[in-house]
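Protein chains in written order, with the numbering used here: chain A, 7 to 172; chain B, 26 to 372. For each residue, glycine too, the CB sits at the ideal point set by N, CA and C. Contents: one structure, followed by commentary.
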Amino acid sequence: MSIFYFIAFLSILFAVLVISAKNPVHSILYLILTFFTFTIQYILLNAQFLAIVNFIVYMGAILVLFLYTLMLINLNKDAEPVKSNMLKIAGVLGGGCFLVVIIASLKALGVSQPVVLQNPGLGLVKNLGKVLFNEFLLPFEVSSLLLLSAMVGAVLLATRDKKTTV
Amino acid sequence: MTTTDIIVRLVLITVIFLITLVIAMYSTYAERKVAAFLQDRVGPNRAGPYGILQPLADGAKMFMKEEIIPARSSKFLFIVGPSLAIMTACIGSAVIPWGQTLMIGNYALDLQVTDINVGVLYIFGVVSLGVYGVMIGGWASNNKYSLLGAIRAASQNISYEIAMGLSIIAVLMTTGTLSLREIAAQQHGFWSHGWFTWNVFKQPLAFLIFIVCAFAETNRAPFDLPECETELVGGYHTEYSSMKLGFYLFAEYINMFISSAVMATLFFGGYNFPYMHHLGLSANWVTILGVIALFIKIFCLIFFFMWVRWTLPRFRYDQLMDLGWKALIPLAIANIVITGLVMNFIK
């Protein structure tokens, strides 16, 4: 349990550093560390497959793309657009509302009763695959269709002006 | 886990780490000798007999060189870059089965650091993490050439990871497990039920795609665009000197060794060799011969890496992307479909 609290503390620390870091590349690096602490949490829950997939997909692919994009665009202090005060107030209000919603939902959930894992081997590949392809087959296939359509859309957007460039 | 277990594990990790470093060291020597052989030269022959002490001389030179950290660079990240590159290169060896079980007295020693049941995915995780060393180092150098090299490395690694993952899915469909130890055990011997047991004979297309992707992931020629010296000076390590440069170069050779070990395990039967149980030897001797067989396979694959490097010219960047996205990924998907159909009809 103490390992859990230590890792949870690290997650929150790195998450705070993500938004407080001045340099956008540094904040992506902190985000990578945050995701790494999530991977450790999954391992502590004996969910090896989720842990390694989180590792490959988030740390290995998505954040590499984030870093890639941030390195390409020049993020200088002077190039940064100055935001008006109205926008800042709207942002604070929006964020506050979101916080209230999250706290309310956490209270409604009653997290004081810890969830006891029925089957400690639930997160292993074998069991996960059986559940995913039997019980949750339809949602699984629908979500993969959703991803496919998003992919086709992205390819369409990228090749829109094919005639002009050749 | 008892105290003996922990001590044995620590010893095993240390031994594997040392072997990895020695092999990486002598890969640099082998690379120069192979290049010399292919170009009809002599190669390094001054330090010791046949130049056998050349890697030590190179190492000493690397340590003696002046260390330069460019002004206006991010100093911490500049040091983190090469450290991360060499660390991610080394941790990949943890799940590779180097041999069967060795019996020492009553103690059964598995020649593998850990057998996690998602071993193949662990390798992928480590591979995908490897690009961070290059990216962080290239960005922290505060140099346009380095940045271009880092960006090339990132896009190349992400593109070829997809084809690599898809090619391995076809193999996993036939093996039915993600544990590297079980995959190696399934390829026992060389011949059974009227066909070869090694996966390279069951999934030749997957092996072809995998080895092309392995070249791209380790940034080896003909895919060494991140450090393409004709366009980018030195790519991501333009600003590096001394042992920090040494770490980057070393990481490349360790990556080559680990990916050869992974390929030998996945496709060439790992520690298995023909007639292994018809020789009439005791189990321990078979295990030791198996370890030697695995290393011979690894050395052959490393030689293949070097052979290709000194034979093929470098790809152009758009050719690289075309090959990855328009040739390898569709081929890998077709391979999955064919494997599925064959498994369904032959069963």
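### Task
Quick one: which residues of the region 61 to 76 of chain A get their C-beta closer than 8 Å to a C-beta of chain B? List them in chain order.
Cβ contacts with chain B come from Phe61, Ile62, Met65, Gly66, Ala67, Val70, Leu71, Leu73 and Tyr74.
#### Entry: 9 Å Cβ cutoff met for Asn244 (chain B) and Gln181 (chain B)
What you label residue 244 (chain B) is simply residue 219 of the second sequence in a count that begins at 1. What you label residue 181 (chain B) is simply residue 156 of the second sequence in a count that begins at 1. Taking C-beta atoms as the reference points, Asn244 (chain B) and Gln181 (chain B) count as a pair closer than 9 Å.
### Message
For Leu93 (chain A) and Ser17 (chain A), what's the separation of their Cα atoms in angstroms?
### Response
Counting from 1 along the first sequence, the entry for residue 93 (chain A) is found at position 87. Counting from 1 along the first sequence, the entry for residue 17 (chain A) is found at position 11. If you take the alpha carbons of Leu93 (chain A) and Ser17 (chain A), they lie about 29 Å apart.
### Query
What does Gln47 (chain A) reach in chain B if we use C-beta pairs closer than 7 Å?
Walking along the first sequence from the start, residue 47 (chain A) turns up at place 41. Chain-order list of chain B residues neighbouring Gln47 (chain A): empty, with the shortest C-beta distance near 16 Å, by a criterion of under 7 Å.
### Task
Please work out which residues of its chain come closer than 7 Å, Cβ to Cβ, to Val106 (chain A), disregarding the five sequence neighbours upstream and downstream, and give them in chain order.
Indexing the first sequence from 1 puts residue 106 (chain A) at position 100. Around Val106 (chain A): no qualifying Cβ.
### Task
State whether the region 292 to 299 of chain B contacts the region 142 to 156 of chain B, with contact taken as three or more CB pairs (one from each stretch) at a distance under 8 Å.
Two segments are said to touch when three or more pairs of C-beta atoms, one from each, lie closer than 8 Å; by this definition the region 292 to 299 of chain B does not touch the region 142 to 156 of chain B.
### Query
Which residues in chain A sit within 7 Å of Val156 (chain B), going by Cβ to Cβ distance?
Translated into positions along the second sequence, residue 156 (chain B) becomes position 131. By Cβ distance, chain A contributes Val70.
### Task
Could you list which residues in chain A have their beta carbon closer than 7 Å to that of Ala276 (chain B), in chain order?
Here residue 276 (chain B) refers to the residue found at position 251 of the second sequence. Residues of chain A passing the Cβ test: none, with the nearest at roughly 17 Å.
### Residues of its chain near Lys100 (chain B), where Cβ-Cβ distance is below 7 Å and the 5 sequence neighbours each way are ignored
By one-based count along the second sequence, residue 100 (chain B) stands at place 75. Scanning its chain for C-beta atoms nearer than 7 Å, with the 5 sequence neighbours on each side dropped, one finds around Lys100 (chain B) the residues Ile94, in chain order.
### Query
Grouping DSSP H, G and I as helix and E and B as strand, with all else coil, what is Trp223 (chain B)?
Looking up residue 223 (chain B) in the second sequence gives position 198. In this structure, Trp223 (chain B) counts as coil in the three-state DSSP scheme.
### CA-to-CA distance, Ser33 (chain A) to Leu71 (chain A), given in whole angstroms
Translated into positions along the first sequence, residue 71 (chain A) becomes position 65. Translated into positions along the first sequence, residue 33 (chain A) becomes position 27. If you take the alpha carbons of Leu71 (chain A) and Ser33 (chain A), they lie about 14 Å apart.
### Task
Assign Gly130 (chain B) to one of two classes, buried (16 or more other C-beta atoms within 10 Å of its C-beta) or exposed (fewer than that).
As a first step, residue 130 (chain B) must be located in the second sequence, where it is residue number 105. The residue is exposed, with fewer than 16 neighbouring Cβ atoms inside 10 Å.
### Message
According to DSSP, simplified to helix, strand and coil, what is Ser217 (chain B)?
### Response
Your numbering for residue 217 (chain B) matches position 192 in the second sequence. Three-state result, Ser217 (chain B): strand.
### Query
Can you find a CB in chain B that lies within less than 9 Å of the CB of Val138 (chain A)?
As a working note, residue 138 (chain A) is residue 132 in the first sequence. Val is not the amino acid found at residue 138 (chain A); the sequence shown has Leu there. Taking 9 Å as the CB threshold, Leu138 (chain A) stays off the interface with chain B.
### Query
Where does Ala110 (chain A) fall in DSSP's three states?
Walking along the first sequence from the start, residue 110 (chain A) turns up at place 104. In the structure shown, Ala110 (chain A) sits in a helix (DSSP, three-state: H, G or I).
### Task
Figure out for me which residue from B:Leu230, B:Ala231, B:Phe215 and B:Asn280 has the closest Cα to the Cα of Glu242 (chain B).
Taking the first residue of the second sequence as position 1, residue 242 (chain B) is located at position 217. The shortest C-alpha separation from Glu242 (chain B) is found at B:Asn280.
#### Entry: Proximal chain B residues relative to Leu154 (chain A), where beta-carbon distance stays under 8 Å
Walking along the first sequence from the start, residue 154 (chain A) turns up at place 148. The contacting residues do not exist; Leu154 (chain A) stays about 13 Å from chain B at best.
### Residues bridged to Met128 (chain B) [DSSP beta-bridge criterion]
Taking the first residue of the second sequence as position 1, residue 128 (chain B) is located at position 103. Per DSSP, B:Ala133.
### Message
Going by C-alpha to C-alpha distance, which of B:Gly305, B:Ile116 and B:Ala289 sits closest to Phe329 (chain B)?
### Response
Taking the second sequence and counting its residues from 1, the one referred to as residue 329 (chain B) is at position 304. The shortest Cα separation from Phe329 (chain B) among B:Gly305, B:Ile116 and B:Ala289 belongs to B:Ala289.
#### Entry: Under 8 Å from the C-beta of Phe55 (chain A): neighbouring residues of chain B
Sequence index remark: in the first sequence, residue 55 (chain A) carries index 49 (1-based). Those are Val143 and Leu146, listed as they occur along chain B.
### Task
Look up Arg34 (chain B) in the DSSP assignment and say whether it is helix, strand or coil.
One-based indexing of the second sequence puts residue 34 (chain B) at position 9. Three-state result, Arg34 (chain B): helix.
#### Entry: Contact set for Gly294 (chain B): own chain, Cβ-Cβ below 6 Å, skip 5 residues either direction
Sequence index remark: in the second sequence, residue 294 (chain B) carries index 269 (1-based). So the list reads Gln212 and Trp223, once near-sequence residues are dropped.
#### Entry: Residue from B:Leu233, B:Met198 and B:Leu63 whose Cα sits closest to the Cα of Ala14 (chain B)
The structure shown has nothing for residue 14 (chain B), since chain B only spans 26 to 372.
### Message
Please list, in chain order, the residues of the region 16 to 28 of chain A that have any C-beta partner in chain B closer than 7 Å.
### Response
The region 16 to 28 of chain A vs chain B, Cβ under 7 Å: nothing.
#### Entry: Interface residues of chain A facing Phe149 (chain B) [CB-CB closer than 7 Å]
Position 124 of the second sequence holds residue 149 (chain B). In chain order: Ile62.
### Task
Reducing DSSP to helix, strand and coil, say where Glu141 (chain A) ends up.
Within the first sequence, the letter at position 135 stands for residue 141 (chain A). The three-state secondary structure of Glu141 (chain A), taken from DSSP, is coil.
### Task
Along the alpha helix (DSSP H) that carries Gly73 (chain B), what are the first and last residues, could you check?
Counted from its first residue, the second sequence places residue 73 (chain B) at position 48. Taken as a continuous stretch (DSSP letters only), Gly73 (chain B) belongs to no alpha helix (DSSP H), as it is neither H nor E.
### Message
Using a 10 Å radius around the Cβ and a threshold of 16 neighbouring Cβ atoms, would you call Ser150 (chain A) buried or exposed?
### Response
In the first sequence, counting from the first residue as 1, residue 150 (chain A) sits at position 144. When all chains shown are included, Ser150 (chain A) counts as exposed.
### Query
How is His303 (chain B) classed by DSSP in three states: helix, strand or coil?
In the second sequence, counting from the first residue as 1, residue 303 (chain B) sits at position 278. Coil.
### Message
Can you look up Val172 (chain A) in the DSSP assignment and give me helix, strand or coil?
### Response
Taking the first residue of the first sequence as position 1, residue 172 (chain A) is located at position 166. With a pLDDT of only 47 at Val172 (chain A), under the threshold of 50, the placement of this residue in the model should not be trusted, and no figure is reported.
### Query
Can you tell me whether Val367 (chain B) is buried or exposed, with buried defined as 16 or more other CB within 10 angstroms of its CB?
One-based indexing of the second sequence puts residue 367 (chain B) at position 342. Answer is exposed; the Cβ neighbour count stays below 16.
### Message
I'd like to know whether the C-beta of Val172 (chain A) is nearer than 9 Å to at least one C-beta of chain B.
### Response
To locate residue 172 (chain A), count along the first sequence from 1; it is residue 166. Residue placement at Val172 (chain A) is poorly supported in this model, since its pLDDT is 47, which falls under 50; the coordinates are not used for a value here.
### Task
With a threshold of 16 other CB atoms inside 10 Å of the CB of Val172 (chain A), please say whether the residue is buried or exposed.
Position 166 of the first sequence, counting from 1, holds the residue named residue 172 (chain A). Residue confidence is low: Val172 (chain A) scores 47 on pLDDT, short of 50, so the model does not pin down where it sits. No coordinate-derived value is stated.
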